[in-house]
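Presented below is the structure to which this report refers.
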DNA sequence: ACCCAGGGTCATA
DNA sequence: TATGACCATGGG
């Protein structure tokens, strides 16, 4: 297996934090719901919203679609942007049902599935890739602001690359690796873990695997 | 009181 | 194509 800055980052983070076993959800559909709800939102708030949906028996596409949008919005209120996200959840559920739910969608090729997801209003690149990787186990790397930040700080990237460009760069680094899905799964999760559990609380991560490379905050 | 969080869309130039 | 406004709750 090739050694490059990305495989090294994966190794360093994995050794320090251990396997993350993402996505924190019960099944593919719940992954999809979480992917929409977590848009620009702290995960803790998403958990509350999902708990509300669960308690209301609304953690299924039919249930969500049968709910008045206003009622749906009320349930997901803790996750913020609740009016917009209620509409986005509905869009996603409609799309999901129209294409034969999980069984139907699983048969699509990754590229087609990605394009179709991006066609849903409210599903952008990152949300689509969350769903592809964590709900459909496709070898797609999720680029988020943390990834951009860390790679930029490590000097691996410029920082102003477009989403597609970055994604393909990351995926190329693991080209031919039969464990790509598993590695992409872990690396994205580890990057988020690293950002959440360590660097946000301290300017310099004491004992963190990125050491002095890891500087959060401005500049 | 301020800042940010596991983004995305839409209107404008 | 490239900015800017907007969406909104909750924790540090």
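In the working numbering, the protein residues as written are 1 to 219. C-beta atoms are modelled at their ideal positions from N, C-alpha and C, and glycine is treated no differently.
- Looking at 186, 10, 32, the one whose alpha-carbon comes closest to that of residue 101 is 32.
- Rounded to the nearest angstrom, the gap between the Cα atoms of residue 9 and residue 70 is 44 Å.
- The region 103-116 and the region 73-93 do not touch, with fewer than three beta-carbon pairs separated by less than 8 Å.
- DSSP, reduced to helix, strand and coil, places residue 154 outside both helices and strands of the structure shown, so it counts as coil.
- Contact check between the region 43-52 and the region 66-81: three or more CB pairs, one atom from each, fall below 8 Å, which counts as touching.
- Here residue 179 carries a coil assignment [DSSP, helix/strand/coil].
- Check the Cα spacing between residue 122 and each of 40, 137, 23: the tightest is with 40.
- Annotated as distal: residue 209 and residue 54, with beta-carbon spacing of 8 Å or more.
- Annotation for residue 67: 58 place their beta carbon closer than 7 Å to its own, counting only its chain and skipping 5 residues before and after.
- Here residue 19 carries a coil assignment [DSSP, helix/strand/coil].
- Closest in C-alpha terms to residue 137, from the list 149, 44, 107, comes 107.
- DSSP, read as helix, strand or coil, puts residue 130 in helix.
- Exposed is the label assigned to residue 164, since fewer than 16 other Cβ atoms lie within 10 Å of its Cβ.
- Excluding five sequence positions before and after residue 189, the CB atoms of its chain that fall closer than 7 Å to its own CB belong to 20, 22, given in chain order.
- Separation of residue 141 and residue 135 (C-alpha to C-alpha, rounded to the nearest whole angstrom) is 13 Å.
- Taking residue 156 as the centre and dropping the five residues before and after it, the same chain places the C-beta of 5 closer than 6 Å to its C-beta, in chain order.
- By the criterion of a C-beta distance shorter than 8 Å, residue 85 is surrounded in its chain by 36, 37, 39, 73, 76, 79, 122, once the five residues flanking it on both sides are discounted.
- With 16 or more other Cβ atoms inside 10 Å of its own Cβ, residue 126 counts as buried.
- By the Cβ neighbour-count rule, residue 129 is buried, with 16 or more other Cβ atoms within 10 Å of its own.
- The C-alpha of residue 187 lies about 34 Å from the C-alpha of residue 56.
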